[in-house]
Structures are given as structure tokens and as C-alpha cells.
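Note sheet for the following structure.
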Amino acid sequence: MSQHPRRRDLLFLFGIALLTRFLVAVLIPRPGYMDAAYYAGGALRLAQGEGFSEPFLWHYLDDPAGLPRPGFLYWMPLPALWAAPGALLFPNSFLALQLPFVLTSALLPLMAYSVAWEVIGQRRAAWWTGLLTLFSGFFFPFWTLPETFAPFALFGGGALWLAGRGDREDGVSRYVLTGALVGLAHLTRADGVVLLPVVALAPLLRSRAWSAAERLRFVVGCWALLVGGYLVVMTPWFVRNGLVAGQPLPSAGAQTLWLRDYDDLFCYGCDLSFRSYLAWGWEDILRSKLYALWTNFQHLVAEGGQIFLFPLIVVGLYQLRRQLDVTLSLIYLVLLYGIHSLAFTFPGWRGSFFHSSSALLPFLNVAAWAGLDTAVRWLARRRSGWRARQAQAVFAVAALMGAVTLSLYVSVGKLPAWQEADAVYGEIGAWLVAPDEVDGGPVVMVGNPPGFYYHARMLSVVLPSGDVATLLAAADRYGVSYVVLDQNRPAGLAQMYTSAEAVGLDLVATFDAGRVQLYRRVGVSQSGEE
5 MSQHPRRRDL
15 LFLFGIALLT
25 RFLVAVLIPR
35 PGYMDAAYYA
45 GGALRLAQGE
55 GFSEPFLWHY
65 LDDPAGLPRP
75 GFLYWMPLPA
85 LWAAPGALLF
95 PNSFLALQLP
105 FVLTSALLPL
115 MAYSVAWEVI
125 GQRRAAWWTG
135 LLTLFSGFFF
145 PFWTLPETFA
155 PFALFGGGAL
165 WLAGRGDRED
175 GVSRYVLTGA
185 LVGLAHLTRA
195 DGVVLLPVVA
205 LAPLLRSRAW
215 SAAERLRFVV
225 GCWALLVGGY
235 LVVMTPWFVR
245 NGLVAGQPLP
255 SAGAQTLWLR
265 DYDDLFCYGC
275 DLSFRSYLAW
285 GWEDILRSKL
295 YALWTNFQHL
305 VAEGGQIFLF
315 PLIVVGLYQL
325 RRQLDVTLSL
335 IYLVLLYGIH
345 SLAFTFPGWR
355 GSFFHSSSAL
365 LPFLNVAAWA
375 GLDTAVRWLA
385 RRRSGWRARQ
395 AQAVFAVAAL
405 MGAVTLSLYV
415 SVGKLPAWQE
425 ADAVYGEIGA
435 WLVAPDEVDG
445 GPVVMVGNPP
455 GFYYHARMLS
465 VVLPSGDVAT
475 LLAAADRYGV
485 SYVVLDQNRP
495 AGLAQMYTSA
505 EAVGLDLVAT
515 FDAGRVQLYR
525 RVGVSQSGEE
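Residue numbers are given in this note's numbering: position 49 of the sequence shown equals residue 53, and the series is strictly consecutive.
Printed below as a string of C-alpha cells:
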């Protein structure tokens, strides 16, 4: 097919994707969970001229000194940078924060179309893959949020695609751009660095009849370009981290290797170390790894394969095993699956694997087409009267309808909850009469500190996992004046929530028909002083 119809296809597909993403974004008036609120709050801080700082603590892993604190020492900053222009122009509009992600996510079907065209070489396969990436099942309602999904899928998937294209098109300089895309993926997610060794395999896997010396020069040159492109993007961030944290990659995230339960992420004053992890016992360690392996496999089937497409994807990956970009994506999948199951076990199955697997969608979807084509041809050979092309069209349309149905089903389940999420925080902020100045007012302990800051614009710290004594110890450390408790409270505070009383805390107000409780610390002023 000539370039002109392909450009027309891409423009038309982009228009469909842009409209679809915008319509979804309009239906999401606020951040629906902590991750989205975190980046929305970070964007607001940047727009206010406060730089990379956080007026909230959502974990205690690195023993933070106080509030506000240096930001993005656990999660990476790019989504906040992406959303900051919208926050600057329209600080009270969540839709404005989503617009850069609407645009970014609308580009993903175009990348999928292009991957399918290069791998399969058929226009209908390219269209099908692009539309399947648009209506992506469990990912569908997440794409426009000021979060890591869309940028990581674009940069991570783009890096795998460009590195793999080197097998078909010469031009070693493309590795500079590939390295830069890996850098952008790393600037989006901490585990984005995993892409670097994966794309570094591309020059090793290229099939060229070269001598050993020629191959060595080529590989070393490609690696130099890859690392150079990566460092162009990441060096400023490494320098910044060195200045505020004393090291280019802060160690807070590495402590999640030693979690024995997901709630340990919010533990105050806990010893999260290799020694404490071994003290947990090998039986529990092994059980947690096996559980993560099984749960992440289910995530892969449901989220990556939309459930019904997964068998076709398996067949298609085998059929396309000699395509370098597909091979790289499969290597990345195996590596990602292992890391988020066997290393970062609890964060992995609680969402990290889901987030990072977004970069695989174009390749999984093109594999689904290849698997569908293989299955139809296999059946056609065994059933007289079958017309393979006609049957393929019927099954392809049915699969797309299934993807659209699943996408709408997931959205209907998610969007109503997101539309009401944490709205009570605004009421609590109004009750506390938050002052207008930045970082003013009392410090509030709450289940979702980024969400509380977004709605109330007040300093906040997370409820620690533990009992009332642990809560009071953390409150003393960070000058907390008020505590918000709701149905999602830590298990150690269940008795406090049920009885609505605790030593050192007075219940002063309730919200949301009594389901949300506001406590004031006894003997502590609104400024947090005793």
C-alpha cells in the first residue's frame, strides 16, 4: 500500500482515538485513586512555582524529615510534568490535567497500526490492531488520567518498536532515539530502566553475515548510542536526586523488596531489610512468590489479553517469533513478569505489573491478529466449504465487538466510583477552614494524602499501618492536628473506627452519613504544637 492511504488511515484513526479519549476524560471530574491524585498534586505544585516538592507523605520508607518534602523520590516525575501546563492554565480543572494524556493515549493506536503494518503487511491487520489498542479492555478507562499508563505505553512501546525495526531498516543512529525513549520511560516509571537491557539485545540479535570484529564494533557502537540517548534524558534527574537525596536513584523504592505484606508499604518505624525478610520464614516467602506468579499471570490474561484473546496471542507470539520487535517485547514481558512476581512481589501484583505491561499492548494485539489468522486457516483446512478470508473477517469483527464490550463494561464499573472518589475531602477541608497561603493550615493524617491535598490544599500524612499507638507516634513526629478515618482504615484501627473513640483523640465531626470520622488530637493546637 502506498504512503498516501496509510497517512489517511493514520489521520482517520487518530481522529477516532482522540474523540474517544476526550469523551472518556470528560466523564472523570477528579482523580479516582491515589496514583492519579499524586500526579495531579505534583502538577499543581509545579504550576504554583513550588518545584518538585510534595506537601504530603504517602509512605514512611525513607524516614522523611517533615513537610513539605522533596518530591518524586519513589515515583517518577514525568506524568506531573505532562499535566503541569493544564494545571497552570486551569488549576481547578481536572479535565485540563488530562488533556496531554488524551493526546498521548490517542497516539497509541497509531503506533499499533504501524507495528502491525510492518509485521503483518496487511491493511486490515493494521486497522484491527489499532482499534484493538483503542478499545483495550481493562486499560480503557485509565488512559486519560494524569498517570503513568499513557506515557509509559508510548515511550516504552516506542523503544521496543524502534529497536526492533533496526532488523529491517539500516541506520544505527536510530539507537540514540531508542535510548532517549527508554530514558523517557524511566522518567515515567522507576521500572522503565528494565527496557534498557532489553533494547540493548537488538544489535546482538540482528542477523548479519559479519565477521566477529565487525559485529563487535557494531554492537559497541549501538550500545554507546543507546546509553548516550538514555543519559541525555536522565542525567538532569540524576543530578537533581544527587542534590536533594545524596544519590542518583533514591533507595526508598528498593525497600519494597522486603515487604511481607502490602500494608508494610505504609508502616511507620518498621525495619524493612533483608534480615527482617528472612525472619519471616522461607515458607511464607515462597507462598508469597507463588501467589504473585499466579496473580500476575491472571492479570496478563485479563489485562494484556482481554481474556478471550489470550490463546490467540500465545499462538501469534510463536508465529511472529522471528520478528525482532516482537521478540524484544516477549523478552521484556518475561523479565517484567519475573521482577514483579519474584522481586517486587507485593507492589507487582497490586498494580505495578498492570501499569508497566501497557507498553506491550501493540505487540500483544498484533500477535492476536497473527494467532487469529493461524487459527482460522487451520480450521479452514479441516472443514470443507470454509472460506478462510471470510471467516477471518467474521471472527475479527466479533473480537473487536468483544473488546468494545469489555472496555465499556470496565468503564461502567470504574467511572461512577471515580466520579465520587474522595469528594468528602473537600468538605473536611472547608470544615477546617484551610487558609489561602501555600502549605498553611493544620497537618491532617488521612488514608489518601495526595487526594486530600488535591481536594483540600492542606498538608497531610498517611495513616500508618498499625495501632493507635503507632498513629500517635507518627502524628507527634509530623505535627499532625487532625486524623481522618473511614472504612478503608488500617486493620489496627478497626476498634477505633467502630467505637469512635481513642486515647489522645477526640471525635469532632463526621461526614458522609457518619462513614468518615474526623478526630482532633487532644492537647494539640491547629498548628500541631502541644
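We put the CB at the ideal spot given by N, CA and C, even for glycine.
Rounded to whole angstroms, Leu230 and Arg178 show a C-alpha spacing of 9 Å. In the three-state scheme derived from DSSP, where H, G and I count as helix and E and B as strand, Cys226 is classed as helix. By the neighbour-count criterion, in which a residue is buried when 16 or more other Cβ atoms sit within 10 angstroms of its Cβ, Thr152 is buried. Distance from the CA of Gln52 to the CA of Gln423, rounded to the nearest whole angstrom, comes to 25 Å.
According to the DSSP assignment, Gln423 belongs to the alpha helix (DSSP H) that extends over 392 to 424. Collapsing the DSSP output to three states places Phe94 in coil. By the neighbour-count criterion, in which 16 or more other beta carbons inside 10 Å mark a residue as buried, Leu290 falls on the exposed side.
In the same chain as Val243, and ignoring 5 residues on each side of it, no C-beta atom comes closer than 7 Å to its own. The Cβ atoms of Phe144 and Leu412 lie closer than 9 Å to each other. By the 16-neighbour rule on beta-carbons within 10 angstroms, Pro9 is exposed. Taking the Cα positions, Val318 is about 10 Å away from Val305. Residue nearest to Leu297 within the set Leu138, Tyr429, Arg525, Leu346 is Leu346 (criterion: CA-CA distance). Looking at the backbone, the Cα of Thr331 and that of Thr137 are separated by about 19 Å. If the five residues before and after Leu334 are omitted, its C-beta is found closer than 7 Å to the C-beta atoms of Leu321, all from its own chain and listed in chain order. As summarised for the stretch 126 to 192, there are no continuous beta strand (DSSP E) elements at least 3 residues long confined to that stretch.
Residue state for Ala504 is assigned as coil, using DSSP reduced to three classes. Comparing alpha carbon positions, the residue from Gly55, Pro74, Ala87 closest to Ala40 is Ala87.
Contact between Tyr482 and Gly141 does not hold, since their C-beta atoms are separated by about 41 Å, which reaches or exceeds 8 Å. Excluding its 5 nearest sequence neighbours in each direction, Gly232 has C-beta neighbours in its own chain below 7 Å: Val180, Gly183, listed in chain order. Ala517 and Val428 have their C-alpha atoms roughly 11 Å apart.
Three or more Cβ pairs drawn from the stretch 106 to 120 and the stretch 363 to 383 lie within less than 8 Å of each other, which places the two stretches in contact.
With a cutoff of 9 Å on beta-carbon distance, Pro155 and Ala189 are scored as near each other. In this structure, Phe94 lies away from Ala84, with their beta-carbon atoms at least 9 Å apart. Assignment of Phe76 by DSSP, reduced to helix, strand and coil, places it in the coil class. For the alpha helix (DSSP H) assignment, the uninterrupted runs of no fewer than 4 residues enclosed by the stretch 340 to 381 are, from N- to C-terminal side, 357 to 360. Restricted to the stretch 427 to 495, the alpha helix (DSSP H) segments that are unbroken, complete and at least 4 residues in length are 427 to 436, 453 to 460, 472 to 482, listed in chain order.
Beta-bridge pairing by DSSP links Thr514 to Gln521.
For the set Pro240, Thr108, Arg169, Pro420, the Cα lying nearest the Cα of Ala120 is the one of Arg169. Between the alpha carbons of Arg524 and Leu269 lies a gap of roughly 25 Å. The residue from Phe139, Gln323, Arg326 with its alpha-carbon nearest to that of Leu365 is Phe139.
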